[in-house]
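In our numbering, the protein residues as written are 84 to 443. In this text, a Cβ means the ideal position worked out from N, Cα and C, and glycines have one as well. No experiment lies behind these values; they were computed from the predicted model shown. Contents: one structure, followed by commentary.
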């Protein structure tokens, strides 16, 4: 099944994106293209947005006559391929140079509501109308795209990173919120912790608490866009900062790789036995696991002692943890556990949950 590019659309921000005779596209998207809300859109894994004219015609037939090429922010208006029915990881060859990879659906946002009757932009939500969604893509091979370029669906690869990146979308959000809870608890406890939130990206800088815990940035999908803001955060705080980026991201000038981070992901029954089940029937004789009650000051303090000891956290960071933990443990969706063996407390763990995903 083949198709073609009808329009190449770009804008310095906002909608509509306007047609051009052609444009060069690379890892971060099309030259000359930008977003009003780059904390939510763009980045290497959402570099190019595609929308099929077949979907546009169905949407217009439902009375949304303001929807047309470029009106909902797509970079490429296509013909001949039902894009939103393609699986994540599908690769598309465009013209002689460019290869894109479907990375996921594009959620409707407030910016495009004006194109829809009564602002009903949910008409192109993949959850409500799976055949009529716009689709995000990654750029696998860069080059120039022009109207009229042929689009070919390439043979599927045995292994693609696309599914991994979809899982990372969810995991990044959970991890980001976990660290945000900790940074905000420290700030509430009176420490100088400066927090920056920009859509999928979040960072903190603390001249009072040096080291990577309170001076780091999460959100590898958005980091390339927000690098100036990220650098300003650390510069104004006078701290050295750390960022967590993908292994396939290019090196950041002036940065030094420090350590690789691995993530184990899967259904909870395959990754670990459910904590509640362990507590009810531990596999180690004499092992007990108890949930830390935020109202139980003894357990709250005991958890902090076990945590700073287990991670060999030195002063003044150890004192900081003990000081803000009574605030942190009250955070919604955040749970602390203490493991004891034969009546002696030996271990501490924490679990943050978000949208049915847990970060342990």
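- Runs of the beta strand (DSSP E) lying entirely within the region 204–270 and spanning at least 3 residues, in chain order: 218–224, 226–228 and 233–236.
- For residue 218, the closest C-alpha among the options 227, 186 and 211 is that of 186.
- Around the beta carbon of residue 95, fewer than 16 other beta carbons sit within 10 angstroms, so the residue counts as exposed.
- According to the DSSP assignment, residue 383 belongs to the alpha helix (DSSP H) that extends over 380–393.
- Nearest Cα to residue 278 within the set 272, 271 and 286: 286.
- In the displayed model, residue 146 falls within coil according to three-state DSSP, outside both helix and strand.
- Unbroken alpha helix (DSSP H) runs of no fewer than 4 residues, entirely contained in the region 124–194, are found at 136–144, following chain order.
- The beta carbons of residue 222 and residue 86 sit about 18 Å from each other, so the pair does not count as a contact at 8 Å.
- In terms of Cβ geometry, residue 341 and residue 325 form a close pair [threshold 8 Å].
- As DSSP reads the structure, residue 107 sits in a beta bridge with 227.
- Contact annotation, residue 156 with residue 194: C-beta distance approximately 7 Å; criterion of less than 8 Å satisfied.
- Between residue 129 and the set 376, 139, 113 and 426, the nearest pair of CA atoms involves 113.
- Classified as buried, residue 258 has 16 or more neighbouring CB atoms from the shown chains inside 10 Å of its CB.
- When the beta-carbon positions are compared, residue 216 and residue 167 come within less than 8 Å of each other.
- In the structure shown, residue 377 adopts coil according to DSSP, grouped into three states.
- In chain order, 418 and 420 place their CB closer than 7 Å to the CB of residue 374, counting only its own chain and leaving out the 5 sequence neighbours on each side.
- Boundaries around residue 404 are those of the alpha helix (DSSP H), 400–411, since no beta strand (DSSP E) includes it.
- Close CB contacts of residue 139 within its chain, under the 8 Å cut and outside five residues either way in sequence, are with 150, 151, 152 and 160 (chain order).
- Residue 158 and residue 116 do touch by the CB rule: their CB atoms are close to 6 Å apart, below 8 Å.
- With a cutoff of 8 Å on beta-carbon distance, residue 410 and residue 271 are scored as near each other.
- Per DSSP, residue 198 lies in no beta strand (DSSP E) and is assigned neither H nor E.
- Residue 432 is bridged by DSSP to 420.
- The three-state reading of DSSP puts residue 308 in helix, counting H, G and I together.
- One Cα belongs to residue 275, the other to residue 425, and the distance between them is close to 41 Å.
- In this structure, residue 131 sits away from residue 231, with a CB-CB distance that is not shorter than 8 Å.
- In the structure shown, the three-state DSSP call for residue 291 is coil.
- Pairing residue 205 with residue 423, the inter-Cα distance amounts to about 50 Å.
- Per DSSP, residue 298 lies in no beta strand (DSSP E) and is assigned neither H nor E.
- For the options 322, 261, 318 and 401, the alpha carbon positioned closest to that of residue 302 is the one of 261.
- Secondary structure of residue 319 (DSSP, three-state): helix.
- For the pair residue 142 and residue 207, the CB atoms are nearer than the 8 Å cut-off.
- Membership of residue 86 in the beta strand (DSSP E) is indicated by the continuous run 85–93.
- In this structure, residue 245 sits away from residue 165, with a CB-CB distance that is not shorter than 8 Å.
- A residue is called buried when at least 16 other Cβ atoms come within 10 angstroms of its Cβ; residue 392 does not meet this threshold and is exposed.
- Residue pairing for residue 101: DSSP places it in a beta bridge opposite 93.
- DSSP lists no bridge partner for residue 415.
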